[in-house]
Amino acid sequence: MSSRPNTKVLLLLTLLLTACAGSPQRADQRFTALAEQIWQGEQRLRQNEPGQLTDMSPQALAQRQQQRLAWQAKLQQVDVDSLSEQNRINHAILAYRLADDIDEYRFGAHLMPLTAESGFHTNLGFLPQRTAFRSISDYQNYLRQLSAIPRYMSQQTDWMRQGIAQGMTQPKAVLAGFENSIISYVVAEPGDSVFFQPFAKQPAFVSDADWQQLVDEAKQQIRLSVNPAYQAFYQFMLDEYLPAARDSIAASALPNGAAYYQNRLEHYTTLQLTPAQVHQIGLDEVKRIRGEMQHVIDGLGFAGSFADFVQYLRTDPQFYPKTPDELMRYAAFLSKKADAQLPKLFKTLPRTPYGVVPVPAEIAPKYTTGRYSGASRDDQAGFYWVNTYALNRRPLYEMEALTLHEAVPGHHLQIALASEQASLPDYRRSFYTSAFGEGWGLYAEYLGLEMGFYQDPYSNFGRLTYEMWRAARLVVDTGMHSMGWSRQQAIDFMAANTALSMHNVTTEIDRYISWPAQALSYKLGEITIKRLRAEAEQALGDRFNVREFHDQLLSNGSLPLPILEQLVRDYIASAKQAPDNSQQ
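Letter by letter, the sequence shown follows residues -21 to -1, 1 to 563 of mature numbering (1 follows the signal peptide of the UniProt record, and there is no 0).
Below you can see the structure in the form of structure tokens.
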């Protein structure tokens, strides 16, 4: 099996993008056929037969690994420099996707199928939203999925037991209260279960008699399959997993941990950097942003220290919503305000709408402040999730930055546009890499300055504390996973440099511990995008058009950063030679 880092493929691809544009048509045709074969095969591996859940047996996982290794070998045999530019990108993205699945299995990620905030049990809770109910057979297949939950969860706990035996567990420190996210799915009345949601209203195409039969079976499956499976997992967590969870927090403390962390760093950032290099970038950014934060404090005439100002923000009731409805209304208002500004900055807007909803109550206590949940079907909207749990920890001065990141022009705009690019193959439209997506989200927060946001100095401080939050991630993530930092050391660093509430600080630190290196993608992606914009502005001068620049960034979907850099530089070179159309 290949152990080469994903980024070597990407760096090779970057060099190849500079090669001559012409390539034999036959090479493109051969590659297109191979790419379609791999993509359709991958879909078969990921998609279940109607009424089934993913088979997590050792035999099934091993077979999927062998199939992916075979596809990877075929991709490595492709003469990439003979392909067109778009097919070079297609090749790199297929290679990246395959390498991630192969590496995760190789490093044993299936032995830890949960993070501090979620797991396979919470993913099952989204079955009702992911399922299209257009016929009686759709309901019947869904009921068969409910009946398959005990087997699926038993397979997952079997892997977790192997994880215990091999020292591959989540740390004790991040699992406090995790069991509550399991037992919340066990209900006394089946009609109160999230799994009963599809049966709340009878559709017109189902007769009364058939509907009653479906409802009765749903309640029976919740009583006899769902509740016992979740109860068993709850007991497993209490009796076996939590007592055996490891005391260390570092990914480097796992079996083959240093290589695992390096692999995850390169996967999430799409860059070939060491933990030490990322750590230093973080320290430099923290210093720069801290100066900008102090400038805001000075402008307010606040007499105390930075720590005093942060304490004031964390404790004064004026900065916090009094009711969930107040928070949701504010988030919705900010979303519509942002919508109105989009045409100034973007030539192309998505047709898919988005809604604003609370984070589901089952996961809210240990969940992050907000998140974007994209549409899983073409008859759905995307959703901007806002956490209404513990309102005294949800400062309003952060809401402008959060909304711009999660909704528009952040995740919804970028992900919806990618999914609607008809000229791209399916595996490009559905592709997402954190370095690009989260880098774009953080860049979207910055765009708020050009959209008329952050007029209030406290909201501007909120923007800076969000940027500081992402910069501090570079420091604490590498610190904990590669440099021996303790959890408390990371909490103290984050608390000392941001105005995040202490609840958010600890929740976030636990997230980084349980999801190594993912948090590195935000700031490194944003730095890259802002640097590319500066290059374009300097090179094009009066010809620079921000709407055209954003079109160039987003029209190819999510991309590894080295490929994005090459495409933007190609665009700059082309724009310099074109007639002046900067005012069009």
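Using N, Cα and C, we set each Cβ at its ideal position, and we do this for glycine too. Computed from a predicted structure; not experimentally measured.
Buried/exposed call for Arg490, threshold 16 Cβ in 10 Å: Sequence index remark: in the sequence shown, residue 490 carries index 511 (1-based). Label assigned to Arg490: buried.
Rounded C-alpha distance that separates Trp419 from Glu168: The residue labelled residue 419 in the question sits at position 440 within the sequence shown. The residue labelled residue 168 in the question sits at position 189 within the sequence shown. Rounded to whole angstroms, Trp419 to Glu168 spans 43 Å at the Cα level.
Rounded Cβ spacing between Asn102 and Gly30 (contact assumed at less than 8 Å): The sequence position of residue 102 within the sequence shown is 123, counting from 1. The sequence position of residue 30 within the sequence shown is 51, counting from 1. About 18 Å separates the two Cβ atoms, so there is no contact after all.
If you count every other CB in all the chains shown that lies within 10 Å of the CB of Asp263, and 16 or more means buried, which is it? Residue numbering aside, residue 263 sits at position 284 when the sequence shown is read from its first letter. With fewer than 16 other Cβ atoms within 10 Å, it is exposed.
Outcome for Phe175 when other beta-carbon atoms lying within 10 angstroms are tallied against a minimum of 16: Indexing the sequence shown from 1 puts residue 175 at position 196. Per the 10 Å Cβ criterion, buried.
If you drop the 5 nearest sequence neighbours on each side, which residues of the same chain put their C-beta closer than 8 Å to that of Val166? Taking the first residue of the sequence shown as 1, we reach residue 166 at position 187. Ser172, Ile201, Asn206, listed in sequence order.
From this set, Glu446, Gln434, Pro495, Leu370, which residue's C-alpha is nearest Asp456's C-alpha? Your numbering for residue 456 matches position 477 in the sequence shown. Nearest to Asp456 by C-alpha distance, out of Glu446, Gln434, Pro495, Leu370, is Pro495.
For Ala557, does the count of other Cβ atoms within 10 angstroms reach 16, so buried, or fall short, so exposed? The residue you call residue 557 lines up with position 578 of the sequence shown. Ala557 is exposed by the Cβ-count criterion.
Would you mind giving the Cβ-Cβ distance between Val525 and Val265, rounded to the nearest angstrom? I have them listed as a contact below 8 Å. Counted from its first residue, the sequence shown places residue 525 at position 546. Counted from its first residue, the sequence shown places residue 265 at position 286. With 8 Å as the limit, Val525 and Val265 do not qualify as a contact, their Cβ atoms being about 28 Å apart.
Strand pairing of Ser336, partner residues [DSSP]: For this step, residue 336 is matched to residue 357 along the sequence shown. According to the sequence provided, residue 336 is Val. The question's Ser does not apply to it. Bridge partners of Val336: Trp364.
Is the CB-CB distance between Val57 and Arg67 below 7 Å? Counting from 1 along the sequence shown, the entry for residue 57 is found at position 78. Counting from 1 along the sequence shown, the entry for residue 67 is found at position 88. At the C-beta level, Val57 and Arg67 stay beyond 7 Å of one another.
Roughly how many whole angstroms lie between the Cα atoms of Ala343 and Thr367? Here residue 343 refers to the residue found at position 364 of the sequence shown. Here residue 367 refers to the residue found at position 388 of the sequence shown. One Cα belongs to Ala343, the other to Thr367, and the distance between them is close to 8 Å.
So, is the C-beta of Asn235 closer than 7 Å to a C-beta in chain C? Judged by its chain identifiers, the structure shown contains no chain C, having just a single protein chain.
According to DSSP, is Tyr346 part of a helix, a strand, or is it coil? As a first step, residue 346 must be located in the sequence shown, where it is residue number 367. Three-state DSSP puts Tyr346 in coil, outside helix and strand.
Starting from the Cα of Ala286, find the closest Cα among Pro303, Thr331, Asn476 and give me that residue. Along the sequence shown, read from residue 1 onward, the residue named residue 286 stands at position 307. Answer by Cα proximity: Asn476.
Could you round the C-beta distance between residue 565 and Tyr376 to whole angstroms and report it? I think they count as a contact, below 8 Å. Only positions -21 to 563 of the chain appear in this structure, which leaves residue 565 out of reach.
With Phe99 and Pro92 assumed to form a contact (beta carbons below 8 Å), what rounded beta-carbon distance in angstroms separates them? Residue numbering aside, residue 99 sits at position 120 when the sequence shown is read from its first letter. Residue numbering aside, residue 92 sits at position 113 when the sequence shown is read from its first letter. Their Cβ separation, rounded to whole angstroms, is 5 Å, which keeps Phe99 and Pro92 in contact under 8 Å.
Do Thr327 and Leu503 have their C-beta atoms closer together than 7 Å? For the purposes of this step, residue 327 is identified with residue 348 of the sequence shown, where counting begins at 1. For the purposes of this step, residue 503 is identified with residue 524 of the sequence shown, where counting begins at 1. Their beta carbons are not under 7 Å apart, which means Thr327 does not touch Leu503 by this criterion.
Here's the rule: buried if 16 or more other CB atoms are within 10 angstroms of the residue's CB, otherwise exposed. What is Pro404? Stepping through the sequence shown from its first residue, residue 404 is reached at position 425. With 16 or more Cβ atoms within 10 Å of its Cβ, Pro404 is classed as buried.
Rounded straight-line distance, which links the Cα of Asp34 to that of Glu136: What you label residue 136 is simply residue 157 of the sequence shown in a count that begins at 1. What you label residue 34 is simply residue 55 of the sequence shown in a count that begins at 1. The identity of residue 136 in the sequence shown is Thr, whereas the question assumes Glu. Approximately 13 Å, taken between the alpha carbons.
Which residue's Cα is closest to the Cα of Ser163: Ser126, Glu15, Glu385, Ser97? Taking the first residue of the sequence shown as position 1, residue 163 is located at position 184. Residue Ser97 is the option with its Cα nearest to Ser163.
How is Tyr433 classed by DSSP in three states: helix, strand or coil? Numbered from its first residue, the sequence shown carries residue 433 at position 454. Reduced to three states, the DSSP call for Tyr433 is coil.
Sort out for me which residues DSSP pairs Pro150 with in a bridge. Taking the first residue of the sequence shown as position 1, residue 150 is located at position 171. Beta-bridge pairing links Pro150 to Arg225.
In its own chain, which residues sit with a C-beta less than 7 Å from the C-beta of Ser413, not counting the 5 before and 5 after it? As a first step, residue 413 is located in the sequence shown; it is residue number 434 there, counting from the start. Taken in chain order, the residues that qualify are Tyr247, Gln497, Ser500.
Along the chain, where does the alpha helix (DSSP H) that runs through Asp304 open and close? In the sequence shown, residue 304 corresponds to position 325, counting from 1. Where Asp304 is concerned, the enclosing alpha helix (DSSP H) stretches over 303 to 324.
If we ignore side chains and look at the alpha-carbon of each, how far apart do Gln65 and Gln400 end up? Against the sequence shown, residue 65 aligns to sequence position 86. Against the sequence shown, residue 400 aligns to sequence position 421. Rounded to the nearest angstrom, the two C-alpha atoms are 13 Å apart.
Which of helix, strand or coil does DSSP assign to Tyr425? On the sequence shown, residue 425 is found 446 positions in, with the first residue counted as 1. DSSP places Tyr425 in helix when its eight states are reduced to three.
Run through DSSP, which three-state label would Ser204 get? The sequence position of residue 204 within the sequence shown is 225, counting from 1. Helix, per DSSP.
Contact check, Tyr118 vs Ile161, beta carbons under 7 Å: As a first step, residue 118 must be located in the sequence shown, where it is residue number 139. As a first step, residue 161 must be located in the sequence shown, where it is residue number 182. In terms of Cβ geometry, Tyr118 and Ile161 do not form a close pair [threshold 7 Å].
Look at the Cβ atom of Thr331, then the Cβ atom of Ala395, and state whether they are nearer than 7 Å. Start at 1 with the first residue of the sequence shown, and residue 331 comes out as number 352. Start at 1 with the first residue of the sequence shown, and residue 395 comes out as number 416. Between Thr331 and Ala395, the C-beta gap is smaller than 7 Å, which places the two residues in contact.
Secondary structure at Ser352, three-state DSSP: helix, strand or coil? Here the question's residue 352 lines up with position 373 in the sequence shown. The three-state secondary structure of Ser352, taken from DSSP, is strand.
Exposed unless 16 or more other CB atoms sit within 10 angstroms - verdict on Ser355: Indexing the sequence shown from 1 puts residue 355 at position 376. Within 10 angstroms of the beta-carbon of Ser355 lie fewer than 16 other beta-carbons, which makes it exposed.
On the criterion of 16 or more Cβ atoms from any shown chain inside 10 Å, does Ala255 qualify as buried, or is it exposed? For the purposes of this step, residue 255 is identified with residue 276 of the sequence shown, where counting begins at 1. Exposed is the call here.
Thr302 burial status per 10 Å Cβ neighbour count (16 or more: buried): Counting from one through the sequence shown, the residue named residue 302 turns up at place 323. Burial call: exposed.
Check each candidate in Leu383, Ala197, Leu324 and name the one with the smallest Cα separation from residue 589. Coverage of the chain is limited to positions -21 through 563, which leaves residue 589 absent and any answer about it impossible.
What residue does the alpha helix (DSSP H) around Gln168 start on, and which one ends it? As a first step, residue 168 is located in the sequence shown; it is residue number 189 there, counting from the start. Note on identity: in this sequence residue 168 is Glu, with Gln being the wrong assignment. DSSP places Glu168 in no alpha helix (DSSP H); its state is neither H nor E.
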